[in-house]
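Notes follow once the structure below has been shown.
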Amino acid sequence: MTSPTTPGVPPPVVDLDLGGRTALVTGAASGIGRACALRLAAAGAKVRAVDRDADGLETLAALGTEAGGAVEPQVLDLTDLDAAEAAAAGADILVNNAGLQLVRPIEAFPPDVFHTVLTVMLEAPFRLIRGALPHMYAQGWGRIVNISSVHGLRASAFKSAYVAAKHGLEGLSKTAALEGAPHGVTSVCVNPGYVRTPLVERQIADQAAAHSLPEDQVLADVLLKDSAVKRLVEPEEVAEAVLYLCTPQAAFITGTSIALDGGWTAH
Ligand code: NAD
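Residue numbers (our numbering): 61 to 327.
What follows is the structure in structure tokens.
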């Protein structure tokens, strides 16, 4: 048993105050990234919100201001890997979230899209971590949260690029955890099931075509087939887990993957 007086262990009340911390969130203009940016800003962090979608970032910045948080938009296409690495310099918290999906059988999967998915969802996180570590190591504290997926732990047909990228991200995250531990830097994957975001909404039509099903059956018969909890998870629920991983109390949670999957991986 630990107690509040155990040396080196923060008191057992979660300290959600991220005042004085700078957080970089990629893919912040939409969905999970937007929820994370707003939640971290609400907790007091100065948030650098990175996305290629300038309009979405503008909306996010306005929402951040309304909520009294500090959100600085930065328009950036993460396929520009040098720019991605430079953008991460000085961040105390890095949330690797940007992603994209294409649902096609392998024999019909366009190789250029496969390359883009791997670039945005695996190589860019590597470059962002590379850019963030010098500052984190210098101060002896840092938090890296990688938004993976159940598809980082399980495969699904027709998602070769996405599943490959997420499995790669799991490996990158674990390696960053091993290297970062002596420097006070944690690296963790968060693995949601299907989240109510535009990425999933766009997928329903694609999945309907791939599985030859009407769109209204896709949610129940394909997306939620393996989830014990028969609903989509909300972006705000994912953001709450991400915030917890950025607290002092989460210092020992590293090199692992936290599933928010309604029981999917219990199968
Ligand atoms: P989303 O489509 O709502 O948002 C993704 C964001 O990434 C967009 O704002 C988009 O502009 C940005 N982005 C894409 N390519 C980019 C690039 N080249 N440069 C900069 N920004 C780029 O998607 P979401 O559902 O919020 O997904 C966010 C993350 O969560 C992704 O990594 C996704 O794989 C993961 N995830 C989503 C679900 C889900 O069900 N929605 C489930 C598990 C994991």
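C-beta atoms are modelled at their ideal positions from N, C-alpha and C, and glycine is treated no differently.
Beta-carbon proximity list for residue i, same chain, < 8 Å, skipping 5 on both sides
{"i": "GLN309", "result": "PRO70, PRO72, VAL74 and ASP75"}
{"i": "ALA311", "result": "PRO70, GLY244 and THR246"}
{"i": "VAL149", "result": "With the sequence shown as reference, residue 149 is identified as Ala, and Val is not the correct amino acid for it. Here the set comprises GLY191, ALA192, PRO194 and HIS195."}
{"i": "ILE189", "result": "ALA148, LEU154, ASN156, ILE204, LEU232, ALA236 and SER247"}
{"i": "VAL278", "result": "ILE264, GLN267, ALA268 and HIS271"}
{"i": "LEU229", "result": "ASN156, MET181, LEU182, PRO185, ASN206, SER208, GLY212 and CYS249"}
Identity of the residue in the options nearest residue i by Cα
{"i": "SER208", "options": "HIS195, GLY231 and CYS306", "result": "GLY231"}
{"i": "SER90", "options": "ALA83, ALA114, GLY68 and GLN199", "result": "ALA114"}
{"i": "ILE313", "options": "ALA280, ALA268 and CYS249", "result": "CYS249"}
{"i": "GLU126", "options": "ALA102, GLY323 and LYS106", "result": "ALA102"}
{"i": "ILE153", "options": "VAL85, ASP137, GLY93 and VAL210", "result": "VAL85"}
{"i": "HIS211", "options": "PRO252, GLY104, ARG190 and GLU275", "result": "PRO252"}
{"i": "GLY116", "options": "ASP137, ALA88, ASP321 and PHE218", "result": "ALA88"}
{"i": "ALA144", "options": "LEU120, GLY124, LEU182 and GLN161", "result": "LEU182"}
{"i": "PRO258", "options": "ILE92, GLY79 and GLY80", "result": "ILE92"}
{"i": "ASP140", "options": "ALA184, ALA319, ALA241 and GLU297", "result": "ALA184"}
{"i": "ASN156", "options": "ALA130, ALA319 and VAL302", "result": "VAL302"}
{"i": "THR325", "options": "ALA288, ALA225, THR119 and LEU160", "result": "ALA288"}
{"i": "HIS327", "options": "GLU261, GLN277 and ARG214", "result": "ARG214"}
{"i": "LEU99", "options": "THR119, VAL131, GLY159 and GLY80", "result": "A small correction: the amino acid at residue 99 is Arg; Leu does not occupy that position in the sequence shown. ARG99 has its Cα closest to that of VAL131, out of THR119, VAL131, GLY159 and GLY80."}
{"i": "ILE204", "options": "ALA95, CYS96, CYS306 and ALA319", "result": "CYS306"}
{"i": "ILE318", "options": "ASP142, ASN206 and ALA265", "result": "ASN206"}
{"i": "GLU261", "options": "GLN161, ARG94 and LEU123", "result": "GLN161"}
{"i": "LYS106", "options": "ARG187, PRO133 and ALA299", "result": "PRO133"}
{"i": "VAL177", "options": "GLU297, SER220 and SER216", "result": "SER220"}
{"i": "THR179", "options": "ALA151, ALA224, ALA217 and SER216", "result": "ALA224"}
{"i": "PRO295", "options": "GLN263, LEU279 and ARG256", "result": "ARG256"}
{"i": "LEU123", "options": "ALA95, ASP142 and LEU138", "result": "ALA95"}
Per-residue burial, residue i [other beta carbons within 10 Å of its own, 16 or more giving buried]
{"i": "GLY68", "result": "exposed"}
{"i": "THR82", "result": "buried"}
{"i": "VAL163", "result": "buried"}
{"i": "ILE166", "result": "exposed"}
{"i": "GLN199", "result": "exposed"}
{"i": "ILE291", "result": "According to the sequence provided, residue 291 is Arg. The question's Ile does not apply to it. Its Cβ having fewer than 16 others within 10 Å, ARG291 is exposed."}
{"i": "LYS285", "result": "exposed"}
{"i": "ALA121", "result": "buried"}
{"i": "ASP321", "result": "buried"}
{"i": "SER233", "result": "buried"}
{"i": "LYS111", "result": "Before going on, a small fix: residue 111 reads as Asp here, not Lys. Classification for ASP111: buried."}
{"i": "GLY80", "result": "exposed"}
{"i": "PRO171", "result": "exposed"}
{"i": "LEU136", "result": "buried"}
{"i": "THR66", "result": "exposed"}
{"i": "PRO242", "result": "exposed"}
{"i": "LEU238", "result": "exposed"}
Sequence-distant residues of its chain with Cβ nearer than 7 Å to residue i (five each side left out)
{"i": "THR316", "result": "VAL248"}
{"i": "ALA146", "result": "GLY191"}
Chain-order list of residues whose beta-carbon lies under 6 Å from that of residue i (same chain, five-residue window excluded)
{"i": "LEU283", "result": "TYR254"}
{"i": "MET196", "result": "GLY202 and VAL245"}
{"i": "SER63", "result": "Reliability of the predicted coordinates at SER63 is poor, the pLDDT of 49 falling under 50, and the value obtained from them is presented with this limitation in mind. Once the five neighbours on either side are set aside, SER63 has no close Cβ partner at all."}
{"i": "ASP77", "result": "GLY104"}
{"i": "ALA269", "result": "none"}
{"i": "ALA151", "result": "THR82, LEU84 and ALA192"}
Identity of the residues DSSP links to residue i by a beta bridge
{"i": "PRO252", "result": "LEU320"}
{"i": "THR86", "result": "VAL110"}
{"i": "SER247", "result": "ILE204"}
{"i": "VAL293", "result": "VAL255"}
Legend entry - Continuous alpha helix (DSSP H) assignments of at least 4 residues falling wholly in the stretch 112-168: 114-126 and 141-147
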